[in-house]
Amino acid sequence: MGFQITRYFRAKKNNWCWSLALILLVQVVRAQVGDIPRPYRAYHGLVVSARPEASEAGLEMLRRGGNAIDAAVATGFALAVVHPVAGNIGGGGFMVIRFADGRTTTIDFRETAPQAATRDMFLDEQGRFVPERSQQGYLASGVPGSVAGLLLAHEKYGRLSRAEVLEPAIRLAEEGFRLTREQAARFNAFREAFSRYPSTRKYFVKDTPFREGERFVQKDLARTLRRIQQYGADDFYRGETADLIVAEMQRGGGLITHEDLASYRAIERPPVVGTYRGYRIISMGPPSSGGIGLIQLLNAVEPYDIAEMGFGSSATIHLMAEAMRRVYADRAQWLGDPDFVKVPVQGLISKEYMRRRMADFNPYRADTSQRITHGDPWAFESQETTHYSVVDDEGNAVSVTTTINGAYGSLVVVDGAGFFLNNEMDDFSAAPGVPNMYGLVGSEANAIAPGKRMLSSMTPTIVEDPEGRLFLVLGTPGGSTIITTVFQLVLNVIDHGMNIQQAVLAPRIHHQWLPDVLYYERRGLPRDVVENLKRRGWKVVERSGTSGRAHAIQVVYGPDELAPLPGVTRVYLAGVDPRGEGGAAGY
226 MGFQITRYFR AKKNNWCWSL ALILLVQVVR AQVGDIPRPY RAYHGLVVSA
276 RPEASEAGLE MLRRGGNAID AAVATGFALA VVHPVAGNIG GGGFMVIRFA
326 DGRTTTIDFR ETAPQAATRD MFLDEQGRFV PERSQQGYLA SGVPGSVAGL
376 LLAHEKYGRL SRAEVLEPAI RLAEEGFRLT REQAARFNAF REAFSRYPST
426 RKYFVKDTPF REGERFVQKD LARTLRRIQQ YGADDFYRGE TADLIVAEMQ
476 RGGGLITHED LASYRAIERP PVVGTYRGYR IISMGPPSSG GIGLIQLLNA
526 VEPYDIAEMG FGSSATIHLM AEAMRRVYAD RAQWLGDPDF VKVPVQGLIS
576 KEYMRRRMAD FNPYRADTSQ RITHGDPWAF ESQETTHYSV VDDEGNAVSV
626 TTTINGAYGS LVVVDGAGFF LNNEMDDFSA APGVPNMYGL VGSEANAIAP
676 GKRMLSSMTP TIVEDPEGRL FLVLGTPGGS TIITTVFQLV LNVIDHGMNI
726 QQAVLAPRIH HQWLPDVLYY ERRGLPRDVV ENLKRRGWKV VERSGTSGRA
776 HAIQVVYGPD ELAPLPGVTR VYLAGVDPRG EGGAAGY
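So this note's numbering is basically just the index in the sequence shown, starting at one, shifted up by 225.
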């Protein structure tokens, strides 16, 4: 066992180091990545997530003989404890699985609208959108799907018992975990918002401020997880936890009923699949827009020599942003729940379709979002989220993105159960053309309807290399920036030759059609590139925050000079995003 060395890496958020890293990346462009330390590596199994404790929970399953699915489920439940701002059992998400033999599948556990939801429920008497109704409080919550989705994956494809995969999360809730400086500061910053809801105030507000290093214990959440461990999804959707959810809804005038919970189903769906320069892209289909959007973006830029154009050059950014503009215009028009609307999936991901969409691309001048509208794919038809990536010794891989939408979701905690409910109803189109909290607009395809799943940007993705081998497992949180972040990670590795840690660290841009603004991360572009983009006609804005917090894995084949023993022919590399407080755990 001596060679099975567990190594642990935690990316601490340090504004000075983060700014310096971005400056180095920008100044040295393609060569910049040589000065960044080698990524954390593992040889048998690896978990990368938003919290080190959750990654360790997944690693514990791998060491017990579990597979990547067991590890992913354990990580997901652990995140519900140690990452309450986004990790959840009160929300939903998507899972992409690639088995060691090359088979693939996805699990859709997106939230659904309650049966009492109505098309105009977030409009006032004059038909105007009232964002507070969809973003905070009891009406904002859809029927949660995370418990159903994680347990469906475990039941069908896991190896260990349900008791084993739930135990690390229960332990973390019962015994507590140490708050980081960022977590304590965020709790304190939300004190006033938490205090509006008695159930939330009970768990997340106290007389004195929260402090870094303070142990945070969640006894009621531990009891909820213990019931799920014992009774499975039946407890959450039909048992005691269901009773607690419905009681909370009734206290606050919410819509979720026992019937809504009992009728919820996670759905196994085929992935959407595309190619890019010989690599195979395996991602999530509707009701996520992520997989379609990612493949569209890659199809749009594939005819161009991105490597020769250069990382971070104004020419490359100009091309990428024009592709983003067109893809997000299509997203607004065509994407929705495939069980309610017909989505032209094959048309949208057709390479010929994107070639035609890019036919009017001017390499020297920016277009406008007023002129660029959606295309016609039928002719080709054949803010707060978290992501984690897992691989095991057999080569099974799991990419999972889950969400409760905004930070702490609806801000409502289920009294007696101890977890936040989502505010995913805001991801529906309250009215055609009305932007949600991320500025995204939608059409009739994403209108509110009972039982319908709201559109998402989550983009859990797995990439195979040209030889058909597992190559990348990746994804990110970040609201509307999720698709463009994953897109840039793929370009960074395939076109710019970065390893996955370098790719994750590199600065990012974002355009989403409306508003007609090209965003870049703070200090993420040099002044001359910004000026060149402005001369091309772009409205360029430096973001006050960041784009996503990616957690990814790269598989490298061949001898490894750092391997503890000779004969190693495969290594797993971790990409841990310093924009957050994530961690990698492997052996």
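Each residue gets a CB set at the ideal place from its N, CA and C atoms; glycine is no exception.
Where do the ends of the beta strand (DSSP E) carrying residue i lie?
i    : result
R505 : 504–508
R323 : 317–323
V272 : 271–274
Write down the C-beta distance between residue i and residue j rounded to the nearest angstrom, noting that I regard them as a contact closer than 8 angstroms.
i    : j    : result
V623 : A293 : 5 angstroms
P512 : R335 : 5 angstroms
V298 : A388 : With 8 angstroms as the limit, V298 and A388 do not qualify as a contact, their Cβ atoms being about 12 angstroms apart.
D445 : G641 : 6 angstroms
Q726 : L798 : 7 angstroms
G476 : E465 : For clarity, residue 476 is Arg in the given sequence; the question names Gly instead. The pair is not a contact, with the Cβ atoms about 17 angstroms apart (cut-off 8 angstroms).
G676 : Y428 : At roughly 30 angstroms, the Cβ-Cβ gap does not stay under 8 angstroms, so G676 and Y428 are not in contact.
R289 : L397 : 17 angstroms between Cβ atoms; not a contact.
Y812 : L469 : Y812 to L469, Cβ: 38 angstroms. No contact.
D617 : G383 : Actually they are not in contact, since the Cβ atoms of D617 and G383 sit about 11 angstroms apart, beyond 8 angstroms.
I491 : D652 : A small correction: the amino acid at residue 491 is Ala; Ile does not occupy that position in the sequence shown. Contact flag wrong, Cβ pair sits at about 18 angstroms.
L695 : G620 : 6 angstroms
T329 : R323 : 5 angstroms
Sort out for me which residues DSSP pairs residue i with in a bridge.
i    : result
H776 : V801
S177 : Absent from the model: residue 177. The displayed extent of the chain is 226 to 812, so no value can be given.
F645 : V638
R590 : R590 is not bridged to any residue.
V688 : I506, L697
L743 : V765
Y268 : DSSP output for Y268 lists no bridge partner at all.
E493 : I332
R795 : Y782
A672 : S654
V623 : I322, V615
Identify which residue in the options has its Cα closest to the Cα of residue i.
i    : options                : result
S371 : A303, G317, G811, A279 : G317
Q454 : L469, L376, Y504, H543 : L376
R436 : I395, E547, R403, Y428 : R403
A591 : N621, A282, Y578, E547 : E547
L697 : I778, Q727, R774       : I778
T709 : D690, M723, T686, R694 : T686
I395 : T433, L450, Y744       : L450
R411 : E689, L739, R694, A632 : A632
E767 : W738, T794, G783, R733 : R733
V742 : F441, H543, D652, A670 : H543
S575 : T330, Q521, V615, T541 : Q521
T200 : W738, V688, G693       : This structure cannot speak to residue 200, because the chain is shown only from 226 to 812.
Y553 : F565, V526, L519       : L519
A532 : R747, N717, G374, E350 : N717
P309 : G792, D802, F645       : F645
G693 : E417, I506, E407       : I506
Whose C-beta lies closer than 6 angstroms to the C-beta of residue i among residues of the same chain, with five residues either side of it excluded?
i    : result
G312 : L304, A305, T611
R463 : A487
P602 : P569, G572, L573, Y578
R804 : T771, R774
E439 : L404
H736 : A546, M549, R550, L743
P691 : G503
Q443 : A398, G643
Given residue i, which residues of its chain have a CB within under 7 angstroms of its CB, disregarding the five upstream and five downstream residues?
i    : result
V568 : P511, W559, L560, G561
V253 : Any reading at V253 must be qualified, since the residue scores a pLDDT of 34, below 50, and its modelled position is unreliable; the value itself is stated next. The answer is none, since no qualifying residue turns up.
Q361 : S635, L636, N648
R255 : At R255 the pLDDT is 34, less than 50, meaning the model places this residue with poor confidence and gives no usable figure here.
T214 : With the chain covering only 226 through 812, there is no way to say anything about residue 214.
S280 : V272, V273, S274, T300, G808, A809, A810
G259 : Its pLDDT being 43, under 50, G259 is placed unreliably by the model, and the measurement read from it follows with that caveat. Here the set comprises nothing.
Y456 : G464
S607 : Reliability fails at S607, whose pLDDT of 38 lies under 50, so the model's placement of it is uncertain and the value that follows must be treated cautiously. Taken in chain order, the residues that qualify are Q571.
Starting from residue i, trace the alpha helix (DSSP H) both ways and give me its first and last residue.
i    : result
Y633 : From DSSP, Y633 is part of no alpha helix (DSSP H); its letter is neither H nor E.
A554 : 539–559
H612 : Careful: H612 lies outside any alpha helix (DSSP H), inside the beta strand (DSSP E) at 610–616.
F412 : 406–414
G811 : Note, G811: premise wrong, no alpha helix (DSSP H); beta strand (DSSP E) at 808–811.
F302 : 293–307
K759 : 752–760
E281 : 277–288
Given residue i, which residues of its chain have a CB within under 8 angstroms of its CB, disregarding the five upstream and five downstream residues?
i    : result
T482 : P339, Q340, A341, V471, M474
R581 : G600
Y589 : R761
L348 : F354, V355, A655, A656
I719 : Y501, R502, Y504
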